[in-house]
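When the letters of the sequence shown are read in order and numbered with numbering that gives the first Met the number 0, they come out as residues 0 to 483.
Every residue gets a Cβ at the ideal spot worked out from N, C-alpha and C, and that includes glycine.
These numbers were taken from a predicted model, which means no experiment stands behind them.
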Amino acid sequence: MGLQSLIADLGRALPADALLLKEEERRPYECDGLPVFRELPQVVALPRSEDEVRAVLRACHRHGVPVVARGSGTGLSGGATPHPQGVLLSLARMNRILAIDPQARTARLEPGVRNLQVSEAAAPHGLYYAPDPSSQVACSIGGNVAENSGGVHCLKYGLTVHNVLGVRGYAIDGERIELGGPAPDAPGLDLLSLAVGSEGLLLVVTEVLVKLIARPPCAQLVMASFADVHRAGDAVAAVIAAGIIPAGLEMMDRKATAAVEPFVHAGYDLEAAAVLLVESDGTAAEVADEVAEVERVLKASGATAVRVCTSEAERQRLWSGRKNAFPAAGRLSPDYYCMDGTIPRRHLGRVLEAIEAMEARYKLRCMNVFHAGDGNLHPVILFDANEPGCWERAERFGAEILELCVELGGTITGEHGVGIEKINSMCVQFSPAERAAFCAVKESFDPAGLLNPGKLIPTLARCAEYGRMHVHAGRLPHPELPRF
Ligand SMILES: Cc1cc2nc3c(=O)[nH]c(=O)nc-3n(C[C@H](O)[C@H](O)[C@H](O)COP(=O)(O)OP(=O)(O)OC[C@H]3O[C@@H](n4cnc5c(N)ncnc54)[C@H](O)[C@@H]3O)c2cc1C
0 MGLQSLIADL GRALPADALL LKEEERRPYE CDGLPVFREL PQVVALPRSE
50 DEVRAVLRAC HRHGVPVVAR GSGTGLSGGA TPHPQGVLLS LARMNRILAI
100 DPQARTARLE PGVRNLQVSE AAAPHGLYYA PDPSSQVACS IGGNVAENSG
150 GVHCLKYGLT VHNVLGVRGY AIDGERIELG GPAPDAPGLD LLSLAVGSEG
200 LLLVVTEVLV KLIARPPCAQ LVMASFADVH RAGDAVAAVI AAGIIPAGLE
250 MMDRKATAAV EPFVHAGYDL EAAAVLLVES DGTAAEVADE VAEVERVLKA
300 SGATAVRVCT SEAERQRLWS GRKNAFPAAG RLSPDYYCMD GTIPRRHLGR
350 VLEAIEAMEA RYKLRCMNVF HAGDGNLHPV ILFDANEPGC WERAERFGAE
400 ILELCVELGG TITGEHGVGI EKINSMCVQF SPAERAAFCA VKESFDPAGL
450 LNPGKLIPTL ARCAEYGRMH VHAGRLPHPE LPRF
């Protein structure tokens, strides 16, 4: 059974306009938001219903062909990079909001619904969906579930995993999987948390039930300037230590504000080595109290200036600058590589200094934009892919940052996922026994390893090559485990 026979099967299951076979039609799907990795899929399938998704999966399972799910393709870790021998399964046409229930405060969504669309649809009821990735105008709920995405307001309101009540999806053999639901708890193992963040390796998500929350009546934003990044990092730790959980607590260094300001005109302090954006929300009285306390802590932590926004327009402009920080990197350099690691907040200053030293060593500039309150770093390494060896240097620079995160008790990803990009760093973060457990979970959902193979879970051989596994006398540990 070859590719032609798979295409014939898919042709019987889907309408003609749901299959892209010509090279020029498949080419736009060759990469996601990390374009250094590109592969041309053999077929692109664009189903409109769960039945069509199931039919695609069943056909691929029968023919032993890999399948990569794709939402909007904004992922930054190469998770939706196609498999060169596989089918790219785009969920973009399954983009209906199935129900908004203001009583239960939930929304039932097809996976291709864009993140921002959910809050727009809930707005007439005074509700919204809290996780707000900076890519929210474009990224899909299915992609958010697969990556366990975060955003500026996740410090107070939680990540995707904390805001998803249930998912329905299909395994590679077409089996329907229902996890969680509208009731507060479901019997059995908490497989919903396992599915959220599984990067398309366990199931293809076809429906998502999310929590909606009441829009706070009042929100105010404070911008604080610091003369050095170390102090700014320490101020973040001080705000949390004071018992304040702001609605958002972000940091941008001078390179980031300088990149954003000319095109967003947000009004950042361009003299400051780093600025913090601290948002408070709630009732007017709660916000007034919290803002006063935030101002006090920031000043005591060495802020050179503290500005409280006086209008909603000013608040929106400052957030818009933060949310456009990655695209703004394009003004500084032909290419950029956005990293994503976490560290305990108290080490923010130390990591920023270490990154500065790495810039000199790798001869590459790096601007820093952080979800600082979560200890989630987004160093943006600037490079030129046309310069020989430059991407390799950027990649090593990024890997060193992630290794430092692990050394300090953090992790190699806060919200962008592992994908292909951080697969080697998984060998640093996790022990052979932990990686074997990941393989066992994968095998229990997808024994043939057809769903998004080569992503997230490193093979034992890969870790050996990366120098993080001890191979004695040519004998791999755990020879009984399948290599995906
Ligand atoms: C400018 C910019 C800013 C960003 N800011 C943030 C941010 O603030 N926070 C954040 O967390 N991320 C951010 N991201 C990363 C990205 O937007 C998120 O990871 C997002 O959730 C990806 O959604 P997507 O629909 O584009 O998924 P895709 O990129 O299409 O896919 C991502 C992964 O999900 C899998 N997948 C997609 N749909 C399904 C499905 N239905 N079922 C099973 N698996 C599926 C894919 O196989 C892949 O592994 C940013 C990206 C950009 C370009």
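Which residues bound the alpha helix (DSSP H) around residue i?
| i | result |
| --- | --- |
| TYR156 | 153-156 |
| ASN500 | In this structure the chain extends from 0 to 483, so residue 500 is not present and cannot be described. |
| MET357 | 347-361 |
| LEU88 | Looking at the DSSP string, LEU88 is not in any alpha helix (DSSP H); the run it does join, the beta strand (DSSP E), is 86-89. |
| ARG395 | 389-406 |
| GLU433 | 431-444 |
| VAL144 | 140-146 |
Please list the terminal residues of the continuous beta strand (DSSP E) segment that includes residue i.
| i | result |
| --- | --- |
| GLY168 | 163-169 |
| LEU376 | 375-382 |
| ASP334 | 334-337 |
| ILE176 | 175-179 |
| MET222 | 217-225 |
| GLU386 | Careful: GLU386 lies outside any beta strand (DSSP E) and carries neither H nor E. |
| VAL427 | Unbroken run through VAL427 is the alpha helix (DSSP H), 422-428; no beta strand (DSSP E). |
Going by CA-CA distance only, name the one from the options that's closest to residue i.
| i | options | result |
| --- | --- | --- |
| ARG113 | VAL235, GLU198, THR105, ARG95 | ARG95 |
| MET338 | PRO431, LEU208, SER279, ALA398 | ALA398 |
| ARG364 | ILE354, ASP373, ALA371, HIS370 | ILE354 |
| SER424 | GLY63, VAL440, PHE444, LEU403 | LEU403 |
| LEU75 | PRO431, GLU414, ALA447 | GLU414 |
| GLU206 | LEU90, ASP268, GLU294, GLY173 | LEU90 |
| ARG306 | TYR335, ALA271, THR412 | ALA271 |
| CYS308 | ALA328, VAL286, SER300 | VAL286 |
| PRO110 | MET93, GLU119, PRO123, ASP100 | MET93 |
| GLY409 | LYS454, LEU275, LEU376, GLU313 | LEU376 |
| SER134 | ARG321, PHE396, CYS426, LEU347 | ARG321 |
| GLY232 | LYS454, ILE6, GLY374 | GLY374 |
| ILE380 | GLY10, ALA255, LEU88 | ALA255 |
| LEU178 | VAL144, VAL42, ARG47, MET366 | VAL144 |
| LEU88 | GLU289, ASP100, GLY142, PRO457 | GLY142 |
| GLN315 | LEU297, TYR267, GLY340, ALA291 | TYR267 |
| ALA294 | ARG360, VAL238, VAL86 | Note that residue 294 corresponds to Glu in the displayed sequence, not to Ala. GLU294 has its Cα closest to that of VAL238, out of ARG360, VAL238, VAL86. |
| ALA436 | GLY329, CYS217, LEU459 | LEU459 |
| GLY486 | GLU49, CYS30, ARG104, GLN41 | Limits of the chain in this structure are 0 at one end and 483 at the other, which puts residue 486 out of reach. |
| LEU2 | GLU51, PRO14, ASP50, GLY63 | GLY63 |
Quick check on the burial criterion: 16 or more other C-beta atoms within 10 angstroms. Buried or exposed for residue i?
| i | result |
| --- | --- |
| VAL417 | buried |
| GLY473 | Note that GLY473 scores 46 on pLDDT, short of 50, meaning its location in the model is unreliable; the coordinates nonetheless yield the value given after this. Counting Cβ neighbours within 10 Å, GLY473 comes out exposed, since fewer than 16 surround it. |
| ALA17 | buried |
| ALA182 | exposed |
| LEU97 | exposed |
| ARG434 | buried |
| CYS462 | buried |
| ILE342 | buried |
| GLN219 | buried |
| VAL470 | Because the pLDDT at VAL470 is just 43, under 50, the model does not fix this residue reliably, and the value given afterwards should be weighed accordingly. When all chains shown are included, VAL470 counts as exposed. |
| PHE325 | buried |
| LYS441 | buried |
| HIS264 | exposed |
| PRO387 | exposed |
| PRO65 | buried |
| ARG482 | Bear in mind that the predicted position of ARG482 carries a pLDDT of just 42, short of 50, making it too unreliable to give a figure here. |
| MET468 | The predicted position of MET468 is uncertain, since its pLDDT is 48 and thus under 50; a value taken from the coordinates is nonetheless stated next. When all chains shown are included, MET468 counts as buried. |
| ILE244 | exposed |
| ASN385 | exposed |
| GLY348 | buried |
According to the Cβ coordinates, are residue i and residue j closer than 9 Å?
| i | j | result |
| --- | --- | --- |
| ALA12 | ALA54 | yes |
| ALA226 | ARG345 | no |
| ALA246 | LEU126 | no |
| ASP383 | PRO333 | yes |
| VAL350 | ILE400 | yes |
| LEU108 | LEU208 | yes |
| HIS82 | GLU22 | no |
| SER71 | CYS138 | yes |
| ALA170 | LEU200 | no |
| LEU158 | ASN147 | yes |
| MET222 | VAL259 | no |
| TRP497 | VAL163 | Not covered by the structure: residue 497. The range shown for the chain is 0 to 483. |
| LYS454 | ILE419 | yes |
| CYS217 | ASP288 | no |
With which residues is residue i paired in a DSSP beta bridge?
| i | result |
| --- | --- |
| ILE99 | ALA106 |
| MET251 | VAL274, VAL368 |
| GLY281 | CYS217 |
| ALA304 | SER224 |
| TYR127 | ILE212 |
| GLY77 | According to DSSP, which records beta bridges pairwise, GLY77 is partnered with nothing at all. |
| ALA68 | LEU88 |
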